[in-house]
Amino acid sequence: MSEFITGLTRGGQTWTPKFVESIDKTACIGCGRCFKVCGRGVLDMIGLTEDGDIVDAFDDEAEKKIMTVKGPENCIGCESCSKVCSKNCITHRAIAA
């Protein structure tokens, strides 16, 4: 049985952070709510062409905008991004210590 990374809340309760792992590109609508709530630079918006190629989100060729995990190493495991996601497309997981 592996133990997970844990922390303490201000009140002294044990807390297990769950770090962002992936975003379901088929479910994401690119609303940017998760980007706005995360101040750690974990997420970024990208554009997808009709053929599925990745381009700048504001490129004229972008048919769809979606979020992507840009800096997973910056995630603190608060899960705020999932809490504001109306499409439930963000996956998190606890990490073994």
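Per this note's numbering, the very first residue in the sequence shown carries number 1000; after that it's consecutive.
Just so you know, even glycine gets a beta-carbon here, dropped at the ideal spot from N, CA and C.
If you're wondering where the values come from, they're calculated on a predicted model, not measured in any experiment.
Residue i vs residue j beta-carbon contact at 7 Å
i	j	result
G1076	G1040	no
L1042	M1066	yes
Whole-number beta carbon distance between residue j and residue i, since they are thought to touch under 8 Å
i	j	result
H1091	V1036	H1091 to V1036, Cβ: 14 Å. No contact.
G1097	K1086	Nothing about residue 1097 can be read from this structure; the chain reaches only from 1000 to 1096.
T1013	L1007	6 Å
Cβ neighbour criterion (16 or more within 10 Å) applied to residue i
i	result
G1051	exposed
I1022	buried
Rounded separation between residue i and residue j - CA only
i	j	result
C1074	I1089	13 Å
I1094	E1002	8 Å
F1034	K1017	17 Å
A1061	G1038	25 Å
I1045	C1027	11 Å
D1055	K1082	26 Å
T1005	G1011	12 Å
Residue i versus the options, residue with shortest Cα-Cα distance
i	options	result
V1068	C1080, E1049, I1004, G1011	C1080
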